[in-house]
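Each residue of the sequence shown is one higher than the one before, counting from 0 in numbering that gives the first Met the number 0. Just so it is clear, CB atoms sit at the ideal spot from N, CA and C, and this is done for glycine as well. Small disclaimer: the values here were computed from a predicted structure and weren't measured. Structure first, then comments.
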Amino acid sequence: MRGIWSISVPSDGRNVVLTGFMGTGKSTVGKLLAKRLGYCFSDLDALIVGRAGISINEIFERYGEQRFRELETEAIRFLCGVSGRVVATGGGAVIAPRNRELLRKAGLVVNLTASLEVILCRLKGDRERPLLKSNNTPEALAALMAGREDAYADADLRIDTAGKSVEDVVTEIATFVREHQ
Ligand SMILES: Nc1ncnc2c1ncn2[C@@H]1O[C@H](COP(=O)(O)OP(=O)(O)OP(=O)(O)O)[C@@H](O)[C@H]1O
Ligand SMILES: O=C(O)C1=C[C@@H](O)[C@@H](O)[C@H](O)C1
Ligand SMILES: [Mg+2]
């Protein structure tokens, strides 16, 4: 794998950070939200894959989840030095308290939610998310989600995306951002 990011500058806090469990729509909503706000868009998972030169599945298989988490923290440090950006995080990016601290400083944190039922429906047949493979029963996935609830709750705004279109979610967030940033 290629080297790591070296810059880490304090952010001016004018970003929008999307957090949430796998399949809540961070990447999909983030891309459109950035367009709507006239911000740039960054996807933490895509950034990690781009730097590593291999897929998330391969990072997990070859180096383990712990190494992925290290790369994730490095990517967060890098992104926290930017401004005017919508950042879609990976589903587990908020687990580490230090990551949450950095993301909070980077800007408004918006947490997307959806019931497990909705998530399972959205991610049916997905092969790109290693934690879906290793938690391959609804019970295991529910436990993973429940264990992260406090970390997801650490946000400026929480939006239940179930039953809402991507456009609806984007509008809700854009309104909040215009009022609070
Ligand atoms: N509001 C929505 N309504 C219906 N489908 C949605 C909605 N938001 C996202 N989706 C669909 O759910 C799937 C997963 O979305 P997406 O990849 O954006 O999730 P994510 O939160 O970025 O997941 P991860 O944490 O794994 O990166 C996609 O197929 C997307 O089109
Ligand atoms: O929920 C998680 O821990 C993950 C979610 C994805 O976005 C990726 O970051 C990776 O598959 C791990
Ligand atoms: Mg994503």
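Between S54 and ligand 1, is there a pair consisting of the residue's CB and a ligand heavy atom that are separated by less than 8 Å? Sequence index remark: in the sequence shown, residue 54 carries index 55 (1-based). No, the beta carbon of S54 sits no closer than 8 Å to any heavy atom of ligand 1.
Just list the residues that DSSP pairs A45 with in beta bridges. Translated into the one-based positions of the sequence shown, residue 45 becomes position 46. According to DSSP, residue pairing for A45 in a beta bridge does not occur.
Between which two residues does the beta strand (DSSP E) carrying L17 extend? As a working mapping, residue 17 is identified with position 18 in the sequence shown. L17 -> beta strand (DSSP E) spans N14 to G19.
Apply the 10 Å Cβ neighbour rule to T136 and answer buried if 16 or more other Cβ atoms are within range, or exposed otherwise. Taking the first residue of the sequence shown as position 1, residue 136 is located at position 137. So T136 ends up on the exposed side.
Do you know whose CA, among L17, L70 and T23, lies nearest T160's CA? The sequence position of residue 160 within the sequence shown is 161, counting from 1. It is T23 whose Cα lies nearest to the Cα of T160.
Hey, which residues come within less than 7 Å of ligand 1, measuring from Cβ to any heavy atom, in chain order? G19, F20, M21, G22, T23, G24, K25, S26, T27, V28, D44, A87, G89, G90, L111, R121, L122, R128, T160, K163, S164, V165 and V168
Using only the heavy atoms of ligand 3, determine whether one of them is closer than 8 Å to the beta carbon of D42. Counting from 1 along the sequence shown, the entry for residue 42 is found at position 43. Checking the Cβ of D42 against ligand 3 gives yes.
How long is the line joining the alpha carbons of G2 and R50, rounded to whole angstroms? Taking the first residue of the sequence shown as position 1, residue 2 is located at position 3. Taking the first residue of the sequence shown as position 1, residue 50 is located at position 51. Note that G2 scores 49 on pLDDT, short of 50, meaning its location in the model is unreliable and no value can be drawn from it.
Residue environment, C79, which counts as buried when at least 16 other CB atoms sit within 10 Å: Numbered from 1 along the sequence shown, position 80 holds the residue referred to as residue 79. Under this definition C79 is a buried residue.
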